[in-house]
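K.L.:
Quick one: the structure is below, and I'll ask about it shortly.
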Amino acid sequence: MEPQRSPAEPHDNRASRHVVPYESATVVRVGDEPIDLIFRAYDALDQGILVVSEEGLISHYNAAYAQLRNIGTTELLGKPLELLDRRNSITAYLRTGKMPQLKSVDHEQRRNRETVVPIREDGRLLGSMVLVTPFSASPTEASQRRRTVNAKSPWTALYAVHDIVGESPAIQYARQLALSSARVDSSVLLLGESGTGKELFAHAIHMASPRSQGPFVPVDCSAITRDLLEAELFGYAPGAFTGATKDGKPGKFELAEGGTVFLDEIGEMPMEMQAKLLRVLQERRIVRVGGTTPIEINFRLIAATNRHLEDMVQEKRFRHDLLYRLDVVRIEIPALRERGDDLPILLEHAWKTKSRELGVLTRFSPAAIRALSRYAWPGNMRELLNLVERLLVIVPKSVIELEDLPLYVRQGGHAEIEMPDAPTFYLKTVVAEAEQQAIEKALRHAQGNRNTAAELVGLSRASFYRKLKEYGLTQGMREQDLFENAF
Numbered sequence: 001m002e003p004q005r006s007p008a009e010p011h012d013n014r015a016s017r018h019v020v021p022y023e024s025a026t027v028v029r030v031g032d033e034p035i036d037l038i039f040r041a042y043d044a045l046d047q048g049i050l051v052v053s054e055e056g057l058i059s060h061y062n063a064a065y066a067q068l069r070n071i072g073t074t075e076l077l078g079k080p081l082e083l084l085d086r087r088n089s090i091t092a093y094l095r096t097g098k099m100p101q102l103k104s105v106d107h108e109q110r111r112n113r114e115t116v117v118p119i120r121e122d123g124r125l126l127g128s129m130v131l132v133t134p135f136s137a138s139p140t141e142a143s144q145r146r147r148t149v150n151a152k153s154p155w156t157a158l159y160a161v162h163d164i165v166g167e168s169p170a171i172q173y174a175r176q177l178a179l180s181s182a183r184v185d186s187s188v189l190l191l192g193e194s195g196t197g198k199e200l201f202a203h204a205i206h207m208a209s210p211r212s213q214g215p216f217v218p219v220d221c222s223a224i225t226r227d228l229l230e231a232e233l234f235g236y237a238p239g240a241f242t243g244a245t246k247d248g249k250p251g252k253f254e255l256a257e258g259g260t261v262f263l264d265e266i267g268e269m270p271m272e273m274q275a276k277l278l279r280v281l282q283e284r285r286i287v288r289v290g291g292t293t294p295i296e297i298n299f300r301l302i303a304a305t306n307r308h309l310e311d312m313v314q315e316k317r318f319r320h321d322l323l324y325r326l327d328v329v330r331i332e333i334p335a336l337r338e339r340g341d342d343l344p345i346l347l348e349h350a351w352k353t354k355s356r357e358l359g360v361l362t363r364f365s366p367a368a369i370r371a372l373s374r375y376a377w378p379g380n381m382r383e384l385l386n387l388v389e390r391l392l393v394i395v396p397k398s399v400i401e402l403e404d405l406p407l408y409v410r411q412g413g414h415a416e417i418e419m420p421d422a423p424t425f426y427l428k429t430v431v432a433e434a435e436q437q438a439i440e441k442a443l444r445h446a447q448g449n450r451n452t453a454a455e456l457v458g459l460s461r462a463s464f465y466r467k468l469k470e471y472g473l474t475q476g477m478r479e480q481d482l483f484e485n486a487f
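So in full-length UniProt numbering, the last spot in the sequence shown is 487, and the numbers never skip.
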């Protein structure tokens, strides 16, 4: 992360100041005392803070400001303010000293209130600080809006576009597509591997759309049995089947009136249901199970899958006409391994989020961050969040070091068990093969240093030497060494 300057750095010519790297943030030291807590305090605020120098350059902004303006955490530091403030009101203030009026502004369909605070020293204007307060930060207004939405439906979206973290070209392109698609009612098809954040994108598209005050109704097509899926989507009439309620029940399409339906894992939908879904998308009407009266519906559809739908069409497992209906706007969400330099940013975001949730002050060492950044993350964001939370919970230290990470992360990928041509499924044999492979990799990584290799696999020296003998890995070792180290 690029160095940042504290917006409230005290003026004290008697103290020596220097900036030193501290984990993934920057620490300003006054004398010998670090004041990184100031930066952490700024980032913990819900209110956005932007600091501008007297030359009109962006000196600092906190995490809340970056989220409100949907920008990277460091990408605009040192850049002209005009990149953010096209109205030039702050620049004019720095030039004329005339304070701009309190303003309400719209940023990506989110209304915020801006207040300008001068930064002076001995009467001289050194710059200004802009405080950005989202209207949603007001408890009264937020609770009123929540009551308005809940009066229509208990289904609400949880994430916005600024929750899509990352600065790589691939994620920026996907994020821009999401914003563009939010302005219209066309169907959106989200494609990506498991754990890449397809549901996050669906929430964000709904929140940025004109339907944001309506319900957001998710349906996991893979989690509902074939027999129940029709009733779940279309609802059922009174007495439609044994066990049906006497008043009937609305389906997800009815519950989404005026809002969005999110069909997750659309590739798992049975063929007969695909035909019925196609008719709904064409006619915008449904008939409840056991009913006879068509019901007009008004919803926007977002679908997602980790399957290759074109291949499924060729295999006659997915309707090509339904694919055309779904695939109006296609957004391909990149896997973590395709997102370049985003990993340190995502790790920092996951660490801050989970630290706040758990109330844990643990941080990662630079070596641990480098190892986590090199790892391939086959489970994508879901695996990253899981591992970060697990480490924060189980490592009772203030700093998580490289050796605290799982072995497969330190090695850059999951350890693979090479099965013989005629596979053996006897558990003890499989475990033994995995142990031997891990020990051999550790020895190679440690360049033959057995004590270091023992630490890598998490064994005591005695246990490690016994394993070496058990798996015939003692070539070049003296019997005396084996005897002395095995106890």
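Note that CB positions come from ideal geometry on N, CA and C, so glycine has one too. Just so it is clear, the structure is predicted and the values come from calculations on it, not from any experiment.
Determine the direct distance from the alpha carbon of Ala335 to that of Gln437, and round the result to whole angstroms.
P.N.:
Spanning the two alpha carbons is a distance of roughly 28 angstroms.
K.L.:
For Tyr375, does the three-state DSSP call read helix, strand or coil?
P.N.:
Reduced to three states, the DSSP call for Tyr375 is coil.
K.L.:
Short of 6 angstroms in beta carbon distance, which residues of its chain neighbour Ala202, apart from the five on each side in sequence? Order them along the chain.
P.N.:
So the list reads Phe262 and Ile302, once near-sequence residues are dropped.
K.L.:
May I ask you to report which of helix, strand or coil DSSP gives Glu401?
P.N.:
Correct three-state label for Glu401: coil.
K.L.:
Under DSSP, the beta strand (DSSP E) around Ala237 begins and ends at which residues?
P.N.:
Unbroken run through Ala237: none, as it is neither H nor E.
K.L.:
Quick check on DSSP: helix, strand or coil for Pro423?
P.N.:
Here Pro423 scores only 45 on pLDDT, less than 50, and its place in the model should not be relied on; the value that follows carries that caveat. DSSP places Pro423 in coil when its eight states are reduced to three.
K.L.:
Does Thr292 pass the burial test, meaning 16 or more other C-beta atoms within 10 Å, or should it be called exposed?
P.N.:
Burial call: exposed.
K.L.:
Got a sec? Which residues, its chain only, sit under 6 angstroms from Glu389 by beta carbon, not counting five neighbours each side?
P.N.:
Lys354.
K.L.:
From Ser186 to Ser194, what distance separates their C-alpha atoms?
P.N.:
Their backbone Cα atoms lie some 24 angstroms apart in a straight line.
K.L.:
Using DSSP bridges, identify the partner residues of Met129.
P.N.:
Answer by DSSP bridge pairing, in chain order: Val51 and Val117.
K.L.:
Using three-state DSSP, classify Ser222 as helix, strand or coil.
P.N.:
Note: Ser222 maps to coil in three-state DSSP.
K.L.:
Between Ala66, Ala174 and Leu125, which has its C-alpha nearest Arg339's C-alpha?
P.N.:
The residue with the shortest Cα to Cα distance from Arg339 is Ala174.
K.L.:
How many Å lie between Lys467 and Glu348 at the Cα?
P.N.:
So the two alpha carbons sit approximately 38 angstroms from each other.
K.L.:
Which value, in whole angstroms, describes the spacing of the CA atoms of Asp421 and Val393?
P.N.:
Reliability of the predicted coordinates at Asp421 is poor, the pLDDT of 40 falling under 50, and the value obtained from them is presented with this limitation in mind. For Asp421 and Val393, the distance between alpha carbons rounds to 41 angstroms.
K.L.:
Name the DSSP beta bridge partners of Tyr465, please?
P.N.:
Beta-bridge pairing links Tyr465 to no other residue.
K.L.:
The beta strand (DSSP E) that contains Val261, what's its start and end?
P.N.:
Start and end: Thr260 to Asp264.
K.L.:
Can you have a look at Tyr324 and say buried or exposed, based on whether 16 or more other CB atoms are within 10 angstroms of its CB?
P.N.:
Exposed: under 16 other Cβ atoms inside 10 Å.
K.L.:
Would DSSP call Tyr173 helix, strand or coil?
P.N.:
Tyr173: helix per DSSP, three-state reduction.
K.L.:
At a cut-off of 7 angstroms, would you count Asp342 as near the ligand SAH, judging by its Cβ distance to the nearest heavy atom?
P.N.:
This structure lacks the ligand SAH; in fact it carries no ligand of any kind.
K.L.:
Ordered along the chain, which non-local residues of its own chain (more than five positions away) have a Cβ less than 7 angstroms from that of Lys249?
P.N.:
The residues are Gly235 and Tyr236.
K.L.:
Can you list, in chain order, the residues of its chain with a C-beta nearer than 7 angstroms to that of Ile119? Leave out the 5 residues immediately preceding and following it.
P.N.:
Hits under 7 angstroms: Leu126, Gly127, Ser128 and Met129.
K.L.:
Considering just the uninterrupted stretch of the alpha helix (DSSP H) at Glu199, what are its terminal residues?
P.N.:
Start and end: Lys198 to Met207.
K.L.:
As a quick exercise: from Trp155, Val161 and Gly192, pick the residue whose alpha carbon is nearest that of Ser181.
P.N.:
With distances taken between Cα atoms, Ser181 lies closest to Val161.
K.L.:
Strictly by DSSP, which residues pair up with Phe216?
P.N.:
Beta-bridge pairing links Phe216 to Thr260.
K.L.:
Taking only three categories from DSSP, how would you classify Thr305?
P.N.:
Note: Thr305 maps to strand in three-state DSSP.
K.L.:
Could you spell out where the beta strand (DSSP E) holding Ser59 opens and where it closes?
P.N.:
Taken as a continuous stretch (DSSP letters only), the beta strand (DSSP E) holding Ser59 covers Ile58 to Tyr61.
K.L.:
Between Asp341 and Val165, what straight-line distance do the alpha-carbon atoms span, to the nearest angstrom?
P.N.:
Rounded to whole angstroms, Asp341 to Val165 spans 12 angstroms at the Cα level.
K.L.:
Could you give the residue range of the beta strand (DSSP E) that holds Val188?
P.N.:
Val188 to Leu191 is the span of the beta strand (DSSP E), which, as asked, contains Val188.
K.L.:
Residues in the same chain with beta-carbon distance under 7 angstroms from Asp321, minus the five sequence neighbours each way, listed in chain order, please.
P.N.:
Only Leu278 meet the Cβ criterion.
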